[in-house]
Structure formats: structure tokens, C-alpha cells
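Trainee:
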Ligand SMILES: [Zn+2]
Ligand SMILES: [Zn+2]
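In full-length UniProt numbering, the protein residues as written are 1 to 186.
#1: Is the closest heavy atom of ligand 1 to the C-beta of residue 85 under 7 Å?
#2: Considering only DSSP beta bridges, list what residue 201 is partnered with.
#3: Ligand 2 and residue 157: does the residue's C-beta get closer than 7 Å to at least one heavy atom of that ligand?
#4: Any residue with its C-beta under 6 Å from a non-hydrogen atom of ligand 1 counts. Can you list them all in chain order?
#5: Tell whether a beta-carbon distance below 8 Å holds between residue 200 and residue 135.
#6: With a threshold of 16 other CB atoms inside 10 Å of the CB of residue 7, please say whether the residue is buried or exposed.
#7: Keeping to the same chain, check which residues put their C-beta closer than 8 Å to that of residue 122; ignore five residues upstream and five downstream.
#8: Answer with buried or exposed for residue 52, where buried requires no fewer than 16 other C-beta atoms within 10 angstroms of its C-beta.
#9: Just to confirm before moving on: does the CB-CB distance between residue 38 and residue 124 stay below 8 Å?
#10: Count the other CB atoms, across all protein chains shown, that sit within 10 Å of the CB of residue 42; report buried if there are 16 or more and exposed otherwise.
#11: Could you tell me the boundaries of the alpha helix (DSSP H) in which residue 40 lies?
#12: Measure the C-alpha to C-alpha separation of residue 187 and residue 147 and round it to an integer number of angstroms.
#13: For residue 118, count neighbouring C-beta atoms within 10 Å of its own C-beta (all shown protein chains included) and say buried if the count is 16 or more, exposed if not.
#14: Which two residues bound the contiguous alpha helix (DSSP H) that contains residue 124?
#15: Could you tell me if residue 19 is buried or exposed, where buried requires 16 or more neighbouring beta carbons within 10 angstroms of its beta carbon?
#16: When the Cα atoms are used, what is the spatial distance from residue 87 to residue 71?
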């Protein structure tokens with residue numbers, strides 16, 4: 001049999017059953033390639049497959065969807081600039097209502113039709129939100145030497161960091177023309 005070459009489609013769940021009864025809930029586990037939206041919104045590459053646990057609850061007014069998962073992201077250490085694999089746990093809660101219309105970010109909920117929830121945007125937002133601003137390869141990464149650029153995790157370059165020139169300027173201002181603390185000058 002020829003391998004099926006499938007178009008990468010949205011991460012989605014079927015809700016034909018759960019939507020019929022108020023109070024009903026359904027769990028599912030997705031194991032699929034990450035939607036393109038995740039890479040777009042995080043600006044990072046992610047290791048496939050994407051693993052996402054989904055809980056759909058029918059509250060009557062809407063389907064409330066809770067997602068949790070973990071993304072393996074190809075990150076760059078903000079201190080030593082080395083690439084490393086960063087584990088990013090994420091979660092989100094989103095409300096879906098069955099109604100026609102395009103996605104509308106001002107609504108406060110998502111729309112769905114045809115018994116299927118498209119979770120791409122919810123997942124992409126959740127992963128992007130969970131990404132640290134300045135990832136570090138390990139908590140005690142010593143980073144690059146600001147003087148010679150050596151990786152201080154690997155070598156002891158022995159450089160003495162220069163004082164910040166902005167502080168130098170301040171010091172000049174503070175002490176210029178003074179012989180020390182001023183006493184009784186008022
Ligand atoms: Zn590092
Ligand atoms: Zn150095």
C-alpha cells in the first residue's frame with residue numbers, strides 16, 4: 001500500500017456527541033504534527049509530534065475546552081547563545097459556540113461549525129504565552145564574557161569586566177569639585 005500523503009490539517013476534536021447533552025464531557029488526546037500557527041506565533045521550531053490533552057465540557061451555553069500539553073521547542077539560550085531543547089508546558093481554556101461566521105478575536109469566544117473544533121489558534125496562543133522571554137539552557141548558565149566573548153561555561157577567560165561607562169559619567173558628575181561630603185554649606 002502506498003503511504004498516504006496527508007495534508008497537514010488542523011488539530012481538531014469532534015464534538016458530535018458531547019454537544020448533544022448539557023453536562024456531558026469528553027476527553028481526547030491529540031498526537032499530530034504541530035499546526036503551522038504554533039511556529040508562526042512563537043517564532044520557533046518545535047519537535048513533532050504535538051501532544052495535547054483536550055477536555056470538552058458542554059455547559060449548555062457553550063462548549064468549554066481545556067487543553068494541556070508540553071511542547072519541545074528549539075530555543076537559543078539568552079546567555080550563551082547556544083541552541084538547546086526547551087520543554088514548554090502550556091494550558092488554556094477556551095469557549096466555543098456553534099454559530100456561522102469567521103473567527104473574530106473581539107468576541108471573547110471561538111466559533112465552530114460542522115461538529116468540529118479547530119484548536120490551532122487556541123494551541124498556538126497557549127504555547128506562545130507559555131514561552132519564557134529569555135530562555136536559559138540551564139539555571140546556572142554563566143553566559144558569554146562581555147569582554148572577549150568566550151563561553152564562560154567552558155573556559156575561565158580571566159577578563160575583568162569594565163565598569164559601565166554610563167556609571168563612570170555619573171561618578172564624574174557627583175564628585176567633581178567636591179572634597180568629600182559637604183558639611184554646613186547651607
Ligand atoms: Zn546557556
Ligand atoms: Zn573574557
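Each residue gets a CB set at the ideal place from its N, CA and C atoms; glycine is no exception.
Mentor: In short, the structure shows the following:
#1: no
#2: Residue 201 cannot be examined here, being either before or after the span of the chain that is shown, 1 to 186.
#3: yes
#4: 77, 79, 80, 82, 136, 137 and 141
#5: Only positions 1 to 186 of the chain appear in this structure, which leaves residue 200 out of reach.
#6: With a pLDDT of 46 at residue 7, under the threshold of 50, the predicted position of this residue should be treated as unreliable, though the coordinate-derived value follows. Per the 10 Å Cβ criterion, exposed.
#7: Taking residue 122 as the centre and dropping the five residues before and after it, the same chain places the C-beta of 65, 67, 92, 94 and 110 closer than 8 Å to its C-beta, in chain order.
#8: buried
#9: yes
#10: buried
#11: 36-42
#12: No statement about residue 187 is possible, as the shown extent of the chain runs from 1 to 186 and does not include it.
#13: Residue 118 is buried by the Cβ-count criterion.
#14: 120-130
#15: buried
#16: Linking residue 87 to residue 71 through their CA atoms gives a straight-line distance of about 6 Å.
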